[in-house]
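A.B. asks: In this note's numbering, the protein residues as written are 1026 to 1196.
Take a look at the structure:
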């Protein structure tokens, strides 16, 4: 174990470390709220049913979205719900005449420029999430006062960015 202090941690450092933990938890909770909202959009932006009686695939869509990571959700969202004006709708074949069916799909069509901006913003959010979850303690020296202060600043900025994304998605 290298880098860990052998002497007792002073009270100021301990207080700063607790604040870093609180701020990190706050960021992760907001990311989870964002992810839940995105899963709901991915699962419910398209509804279809067929047969007699009508059987929906909605439970399957919800279960599928529930198991996706944020990065996978972003890829799905950008391919199905958020589209650029340049993409053509893919025509699906009609169901046979002897089967009752319906399909409803909502989408958000953007200009190519807005789509690219949104795509880049969402990739940045996934990278931010991955850094918070997997690399935060590698990027900040949480055993020093200055390291904890830097971590706090980083977490306040991260929360602001995640919250901005959340409010934008929530509309």
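We treat Cβ as the ideally placed atom computed from N, Cα and C, and that holds for glycine. For clarity, every value in this text was computed on a predicted model and none was experimentally measured.
Could you tell me if residue 1157 is buried or exposed, where buried requires 16 or more neighbouring beta carbons within 10 angstroms of its beta carbon?
C.D. replies: For the purposes of this step, residue 1157 is taken as the residue at position 132 of the chain shown. Residue 1157 is buried by the Cβ-count criterion.
A.B. asks: Express the C-alpha separation of residue 1044 and residue 1178 in angstroms, rounding to a whole number.
C.D. replies: Locating residue 1178 in the chain shown gives position 153, where the first residue counts as 1. Locating residue 1044 in the chain shown gives position 19, where the first residue counts as 1. Their Cα atoms are separated by approximately 11 Å.
A.B. asks: What residue from 1041, 1055, 1074, 1039 has the CA that sits closest to residue 1186's CA?
C.D. replies: Position 161 of the chain shown holds residue 1186. If we check each option's Cα against that of residue 1186, 1055 comes out closest.
A.B. asks: Under three-state DSSP, which class holds residue 1133?
C.D. replies: Against the chain shown, residue 1133 aligns to sequence position 108. Correct three-state label for residue 1133: strand.
A.B. asks: Check this for me: beta carbons of residue 1153 and residue 1183, under 8 Å apart or not?
C.D. replies: In the chain shown, the residue the question calls residue 1153 occupies position 128. In the chain shown, the residue the question calls residue 1183 occupies position 158. Cβ distance < 8 Å, so residue 1153 and residue 1183 count as in contact.
A.B. asks: Just the C-alpha distance for residue 1162 and residue 1149, rounded to the nearest angstrom, thanks.
C.D. replies: Along the chain shown, one-based indexing puts residue 1162 at 137. Along the chain shown, one-based indexing puts residue 1149 at 124. One C-alpha to the other measures close to 19 Å.
A.B. asks: Thinking C-alpha only, which one of 1168, 1193, 1191 is nearest residue 1037?
C.D. replies: Translated into positions along the chain shown, residue 1037 becomes position 12. The shortest Cα separation from residue 1037 among 1168, 1193, 1191 belongs to 1168.
A.B. asks: If you follow the alpha helix (DSSP H) that residue 1199 is in, where does it begin and where does it stop?
C.D. replies: No information on residue 1199 is available, as it lies outside the stretch 1026 to 1196 that the chain covers here.
A.B. asks: Is it a yes or a no for the region 1099-1113 touching the region 1066-1074, going by three-plus beta-carbon pairs under 8 Å?
C.D. replies: The region 1099-1113 is in contact with the region 1066-1074.
A.B. asks: Per DSSP, which residues does residue 1108 bridge with? Please list them.
C.D. replies: Numbered from its first residue, the chain shown carries residue 1108 at position 83. BP columns for residue 1108 point to 1134.
A.B. asks: Buried or exposed: which applies to residue 1140, given that a residue is buried once 16 or more other Cβ atoms fall within 10 Å of its Cβ?
C.D. replies: Residue 1140 sits at position 115 when you count from the first residue of the chain shown. Classification for residue 1140: buried.
A.B. asks: Spatial neighbours of residue 1108 within its chain, please: CB distance less than 6 Å, with the 5 preceding and 5 following residues excluded, ordered by chain position.
C.D. replies: Numbered from 1 along the chain shown, position 83 holds the residue referred to as residue 1108. Counting only Cβ-Cβ distances below 6 Å, and skipping sequence neighbours, we find 1132, 1134.
A.B. asks: Since residue 1130 contacts residue 1071 with CB under 8 Å, what's their CB separation in whole angstroms?
C.D. replies: Here residue 1130 refers to the residue found at position 105 when the chain shown is read from its first residue. Here residue 1071 refers to the residue found at position 46 when the chain shown is read from its first residue. 4 Å between Cβ atoms; contact.
A.B. asks: Is the Cβ-Cβ distance between residue 1041 and residue 1170 less than 8 Å?
C.D. replies: Residue mapping note: residue 1041 aligns to position 16 of the chain shown, counting from 1. Residue mapping note: residue 1170 aligns to position 145 of the chain shown, counting from 1. In contact: residue 1041 and residue 1170 (Cβ atoms closer than 8 Å).
A.B. asks: At what residues does the beta strand (DSSP E) containing residue 1072 begin and finish?
C.D. replies: Within the chain shown, residue 1072 is the residue found at index 47, counting from 1. Counting along the chain, the beta strand (DSSP E) containing residue 1072 begins and ends at 1071-1075.
A.B. asks: Any idea if residue 1248 is buried or exposed, counting beta-carbon neighbours within 10 angstroms, 16 or more meaning buried?
C.D. replies: This structure does not reach residue 1248, given that the chain is present from 1026 up to 1196, and the question cannot be answered.
A.B. asks: By DSSP, does residue 1093 sit in helix, in strand, or in coil?
C.D. replies: Stepping through the chain shown from its first residue, residue 1093 is reached at position 68. Looking at residue 1093 - three-state DSSP - the assignment turns out to be coil, as it is neither helix nor strand.
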